[in-house]
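Okay, structure first, notes after.
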Amino acid sequence: MTARAADLHQAPDYGRAFALWRAACPADWARYMRHPFVEGLRDGSLPQTHFLHYLVQDYLYLIHYGRAWALGVVKAQTVEEMRACAATVHALIVEETALHLRLCADAGIDLVAMQATPERRENLAYTRYVLEAGYSGDFLDLMAALAPCVFGYGEIGARLLAEAGDTPYRPWIETYGGAEYQAVCRTVGALLDQALELRLGPDWHSLPRAGQLAERFTMATRLEGDFWQMGMEP
(Lines of atoms letter the chains of each structure in order from A and count residues from 1; the text may use other names and numbers.)
(Lines give C-alpha, C1' and ligand atoms only; values in the text may rest on other atoms or scores of the structure.)
Protein backbone atom coordinates (compact mmCIF):
# COMPACT_ATOMS: atom_id res chain seq x y z
CA MET A 1 0.00 0.00 0.00
CA THR A 2 1.35 3.45 -0.88
CA ALA A 3 1.79 6.15 1.74
CA ARG A 4 -1.03 8.11 0.14
CA ALA A 5 -3.41 5.16 0.25
CA ALA A 6 -2.42 4.35 3.82
CA ASP A 7 -3.12 7.91 4.97
CA LEU A 8 -6.52 7.95 3.31
CA HIS A 9 -7.42 4.54 4.72
CA GLN A 10 -6.51 5.47 8.30
CA ALA A 11 -8.47 8.70 8.53
CA PRO A 12 -9.52 9.43 12.13
CA ASP A 13 -13.15 10.24 12.82
CA TYR A 14 -13.15 14.02 13.20
CA GLY A 15 -16.45 14.51 11.41
CA ARG A 16 -18.00 14.51 7.97
CA ALA A 17 -16.49 17.73 6.61
CA PHE A 18 -12.98 16.67 7.55
CA ALA A 19 -13.38 13.31 5.83
CA LEU A 20 -14.70 14.89 2.61
CA TRP A 21 -12.13 17.70 2.43
CA ARG A 22 -9.26 15.39 3.33
CA ALA A 23 -10.27 13.01 0.55
CA ALA A 24 -10.41 15.93 -1.91
CA CYS A 25 -6.67 16.67 -1.59
CA PRO A 26 -4.96 13.27 -1.26
CA ALA A 27 -1.53 14.26 -2.55
CA ASP A 28 -1.30 17.42 -0.45
CA TRP A 29 -2.62 15.63 2.62
CA ALA A 30 -0.13 12.78 2.21
CA ARG A 31 2.74 15.27 1.91
CA TYR A 32 1.58 16.92 5.12
CA MET A 33 1.10 13.63 7.00
CA ARG A 34 4.27 11.85 5.84
CA HIS A 35 6.71 14.71 5.44
CA PRO A 36 10.33 13.81 6.34
CA PHE A 37 10.07 16.21 9.28
CA VAL A 38 7.19 14.16 10.69
CA GLU A 39 9.00 10.89 10.10
CA GLY A 40 12.04 12.36 11.84
CA LEU A 41 9.88 13.02 14.88
CA ARG A 42 8.64 9.44 14.76
CA ASP A 43 12.03 7.70 14.64
CA GLY A 44 14.06 10.36 16.44
CA SER A 45 16.30 11.09 13.45
CA LEU A 46 15.27 14.76 13.19
CA PRO A 47 18.21 16.94 14.32
CA GLN A 48 17.44 18.91 17.45
CA THR A 49 18.44 22.14 15.71
CA HIS A 50 15.68 21.54 13.15
CA PHE A 51 13.12 20.80 15.87
CA LEU A 52 13.99 23.90 17.89
CA HIS A 53 13.88 26.06 14.76
CA TYR A 54 10.41 24.69 14.06
CA LEU A 55 9.28 25.18 17.66
CA VAL A 56 10.20 28.84 17.72
CA GLN A 57 8.46 29.48 14.40
CA ASP A 58 5.45 27.48 15.55
CA TYR A 59 5.25 29.57 18.71
CA LEU A 60 5.06 32.69 16.53
CA TYR A 61 2.54 30.91 14.32
CA LEU A 62 0.30 30.09 17.29
CA ILE A 63 0.02 33.76 18.22
CA HIS A 64 -1.52 34.58 14.82
CA TYR A 65 -3.47 31.32 14.78
CA GLY A 66 -4.98 32.32 18.12
CA ARG A 67 -5.97 35.67 16.61
CA ALA A 68 -7.69 33.84 13.78
CA TRP A 69 -9.71 31.75 16.22
CA ALA A 70 -10.58 34.95 18.10
CA LEU A 71 -11.90 36.29 14.81
CA GLY A 72 -14.20 33.29 14.82
CA VAL A 73 -15.99 34.81 17.83
CA VAL A 74 -16.80 37.86 15.69
CA LYS A 75 -17.89 35.77 12.70
CA ALA A 76 -19.92 33.27 14.72
CA GLN A 77 -23.67 33.00 14.32
CA THR A 78 -24.52 31.32 17.62
CA VAL A 79 -23.42 31.62 21.23
CA GLU A 80 -22.27 28.00 21.09
CA GLU A 81 -19.92 28.85 18.22
CA MET A 82 -18.63 31.84 20.15
CA ARG A 83 -17.94 29.69 23.20
CA ALA A 84 -16.12 27.07 21.13
CA CYS A 85 -13.89 29.65 19.44
CA ALA A 86 -13.15 31.41 22.73
CA ALA A 87 -12.23 28.10 24.37
CA THR A 88 -9.90 27.28 21.49
CA VAL A 89 -8.14 30.64 21.82
CA HIS A 90 -7.52 29.88 25.50
CA ALA A 91 -6.21 26.40 24.70
CA LEU A 92 -3.81 27.77 22.09
CA ILE A 93 -2.47 30.79 23.95
CA VAL A 94 -2.36 29.32 27.44
CA GLU A 95 -1.91 25.57 27.02
CA GLU A 96 -0.34 24.79 23.65
CA THR A 97 2.21 27.59 23.75
CA ALA A 98 3.27 26.32 27.18
CA LEU A 99 4.64 23.18 25.49
CA HIS A 100 6.73 25.30 23.13
CA LEU A 101 8.02 27.51 25.92
CA ARG A 102 8.95 24.53 28.09
CA LEU A 103 10.75 22.61 25.36
CA CYS A 104 12.63 25.70 24.20
CA ALA A 105 13.56 26.66 27.76
CA ASP A 106 14.96 23.16 28.31
CA ALA A 107 17.24 23.83 25.32
CA GLY A 108 18.32 27.25 26.59
CA ILE A 109 16.02 29.39 24.41
CA ASP A 110 14.09 31.91 26.49
CA LEU A 111 10.90 33.79 25.67
CA VAL A 112 12.73 37.01 24.81
CA ALA A 113 14.77 35.19 22.17
CA MET A 114 11.67 33.49 20.77
CA GLN A 115 9.74 36.74 20.46
CA ALA A 116 12.71 38.44 18.80
CA THR A 117 12.97 35.79 16.09
CA PRO A 118 11.82 37.00 12.64
CA GLU A 119 8.96 35.07 11.09
CA ARG A 120 10.01 32.98 8.13
CA ARG A 121 8.24 33.62 4.84
CA GLU A 122 6.46 30.23 5.08
CA ASN A 123 5.11 31.29 8.45
CA LEU A 124 4.00 34.66 7.10
CA ALA A 125 2.33 33.07 4.09
CA TYR A 126 0.38 30.58 6.17
CA THR A 127 -0.76 32.79 9.04
CA ARG A 128 -1.77 35.68 6.82
CA TYR A 129 -3.66 33.33 4.51
CA VAL A 130 -5.72 32.07 7.43
CA LEU A 131 -6.36 35.56 8.78
CA GLU A 132 -7.32 36.86 5.34
CA ALA A 133 -9.78 33.98 4.94
CA GLY A 134 -11.49 35.26 8.06
CA TYR A 135 -11.28 38.95 7.22
CA SER A 136 -12.63 38.65 3.68
CA GLY A 137 -14.82 35.59 4.10
CA ASP A 138 -17.39 34.28 6.54
CA PHE A 139 -17.26 31.82 9.43
CA LEU A 140 -17.10 28.84 7.09
CA ASP A 141 -14.19 30.28 5.10
CA LEU A 142 -12.31 30.82 8.34
CA MET A 143 -13.03 27.33 9.66
CA ALA A 144 -11.95 25.70 6.38
CA ALA A 145 -8.62 27.54 6.58
CA LEU A 146 -8.14 26.72 10.27
CA ALA A 147 -9.10 23.06 10.01
CA PRO A 148 -5.95 21.43 8.52
CA CYS A 149 -3.83 22.54 11.47
CA VAL A 150 -6.23 21.19 14.09
CA PHE A 151 -7.03 17.92 12.36
CA GLY A 152 -3.60 17.33 10.83
CA TYR A 153 -1.77 17.55 14.14
CA GLY A 154 -4.37 15.24 15.64
CA GLU A 155 -3.91 12.66 12.91
CA ILE A 156 -0.13 12.89 13.01
CA GLY A 157 -0.09 12.75 16.81
CA ALA A 158 -2.33 9.68 16.92
CA ARG A 159 -0.24 7.82 14.34
CA LEU A 160 3.09 8.66 15.90
CA LEU A 161 1.84 7.77 19.37
CA ALA A 162 1.06 4.30 18.04
CA GLU A 163 4.19 3.90 15.92
CA ALA A 164 7.01 5.82 17.60
CA GLY A 165 9.55 4.02 19.71
CA ASP A 166 12.41 5.57 21.64
CA THR A 167 12.46 9.14 20.34
CA PRO A 168 13.43 12.40 22.07
CA TYR A 169 10.29 13.95 20.63
CA ARG A 170 7.96 11.88 22.77
CA PRO A 171 6.59 14.90 24.72
CA TRP A 172 5.50 16.53 21.45
CA ILE A 173 3.96 13.28 20.22
CA GLU A 174 2.12 12.66 23.48
CA THR A 175 0.68 16.16 23.45
CA TYR A 176 -0.95 15.82 20.03
CA GLY A 177 -1.63 12.10 20.18
CA GLY A 178 -3.04 12.21 23.71
CA ALA A 179 -6.68 11.99 24.73
CA GLU A 180 -7.03 15.70 25.49
CA TYR A 181 -5.96 16.90 22.05
CA GLN A 182 -7.89 14.13 20.30
CA ALA A 183 -11.00 15.36 22.12
CA VAL A 184 -10.28 18.86 20.79
CA CYS A 185 -10.20 17.48 17.23
CA ARG A 186 -13.55 15.78 17.67
CA THR A 187 -15.06 18.91 19.20
CA VAL A 188 -13.84 21.10 16.34
CA GLY A 189 -15.07 18.51 13.86
CA ALA A 190 -18.55 18.64 15.39
CA LEU A 191 -18.45 22.45 15.41
CA LEU A 192 -17.55 22.49 11.72
CA ASP A 193 -20.25 20.00 10.72
CA GLN A 194 -22.91 21.89 12.69
CA ALA A 195 -21.82 25.23 11.22
CA LEU A 196 -22.08 23.89 7.68
CA GLU A 197 -25.55 22.45 8.22
CA LEU A 198 -26.77 25.59 9.98
CA ARG A 199 -25.74 27.84 7.10
CA LEU A 200 -26.03 25.58 4.04
CA GLY A 201 -28.37 22.75 5.05
CA PRO A 202 -27.86 18.98 5.41
CA ASP A 203 -26.91 18.59 1.74
CA TRP A 204 -24.21 21.26 1.90
CA HIS A 205 -21.66 18.90 0.33
CA SER A 206 -23.58 18.94 -2.98
CA LEU A 207 -23.55 22.74 -3.31
CA PRO A 208 -20.98 24.79 -5.30
CA ARG A 209 -20.00 26.44 -2.02
CA ALA A 210 -18.65 23.10 -0.80
CA GLY A 211 -16.05 23.11 -3.56
CA GLN A 212 -14.90 26.60 -2.62
CA LEU A 213 -14.48 25.58 1.00
CA ALA A 214 -12.60 22.44 -0.01
CA GLU A 215 -10.21 24.64 -1.98
CA ARG A 216 -9.54 26.71 1.14
CA PHE A 217 -8.86 23.54 3.10
CA THR A 218 -6.51 22.32 0.36
CA MET A 219 -4.52 25.56 0.27
CA ALA A 220 -4.08 25.55 4.04
CA THR A 221 -2.98 21.91 3.82
CA ARG A 222 -0.35 22.88 1.24
CA LEU A 223 0.89 25.63 3.52
CA GLU A 224 1.15 23.11 6.37
CA GLY A 225 3.43 21.00 4.19
CA ASP A 226 5.52 24.07 3.45
CA PHE A 227 5.78 24.75 7.17
CA TRP A 228 7.27 21.28 7.76
CA GLN A 229 9.72 21.93 4.94
CA MET A 230 10.70 25.21 6.59
CA GLY A 231 11.52 23.21 9.70
CA MET A 232 14.04 21.22 7.68
CA GLU A 233 15.81 24.42 6.63
CA PRO A 234 17.00 26.35 9.71
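So the sequence shown is residues 174 to 407, counted in the working numbering. Backbone N, C-alpha and C fix where the C-beta goes; we use that ideal spot for every residue, glycine too.
Using the three-state DSSP reduction, which class does residue i fall into: helix, strand or coil?
i      : result
Arg293 : coil
Ala306 : helix
Arg207 : coil
Ile282 : coil
Gln183 : coil
Gln250 : coil
Glu347 : helix
Pro199 : helix
Tyr238 : helix
Gly213 : helix
Asp437 : Residue 437 cannot be examined here, being either before or after the span of the chain that is shown, 174 to 407.
Leu276 : helix
Leu228 : helix
Leu219 : coil
Span of the alpha helix (DSSP H) holding residue i?
i      : result
Gln367 : 352-373
Glu328 : 312-336
Pro381 : 381-404
Leu193 : 189-196
Contact check, residue i vs residue j under 8 Å by CB: the rounded distance?
i      : j      : result
Gly327 : Tyr187 : 7 Å
Tyr234 : Thr290 : Their Cβ separation, rounded to whole angstroms, is 11 Å, which puts Tyr234 and Thr290 out of contact at 8 Å.
Ala200 : Ala192 : Rounded, the Cβ-Cβ distance is 17 Å, inconsistent with contact.
Leu274 : Pro344 : Incorrect: roughly 13 Å between the Cβ atoms, too far for contact.
Leu304 : Ala352 : Actually they do not touch by this definition, with Cβ atoms about 30 Å apart.
His223 : Met405 : 6 Å
Ile346 : Ala337 : 6 Å
Leu272 : Gly239 : That belief does not hold up - the Cβ atoms of Leu272 and Gly239 are roughly 14 Å apart, past 8 Å.
By how many angstroms is the C-alpha of residue j removed from the C-alpha of residue i?
i      : j      : result
Val323 : Trp202 : 13 Å
Leu225 : Asp231 : 10 Å
Ala197 : Gly325 : 15 Å
Arg372 : Tyr227 : 37 Å
Val211 : Asp399 : 12 Å
Leu315 : Ala260 : 16 Å
Val285 : Tyr354 : 28 Å
Ala190 : Arg382 : 13 Å
Tyr205 : Ile236 : 21 Å
Leu319 : Asp283 : 28 Å
Ala387 : His208 : 22 Å
Tyr342 : Leu380 : 42 Å
Glu269 : Val262 : 10 Å
Ala278 : Gly374 : 48 Å
Stretch-stretch touch, CB-based, cutoff 8 Å, three pairs: the stretch 295-310 with the stretch 350-366: Contact between the stretch 295-310 and the stretch 350-366 is not established, with fewer than three Cβ pairs separated by less than 8 Å.
Cβ pair count under 8 Å reaching 3, the stretch 364-382 against the stretch 247-262: They touch, by the three-pair rule.
Touching by the beta-carbon criterion (3+ pairs, under 8 Å), the stretch 203-223 and the stretch 333-342: The stretch 203-223 makes contact with the stretch 333-342: 3 or more CB pairs, one atom from each, lie closer than 8 Å.
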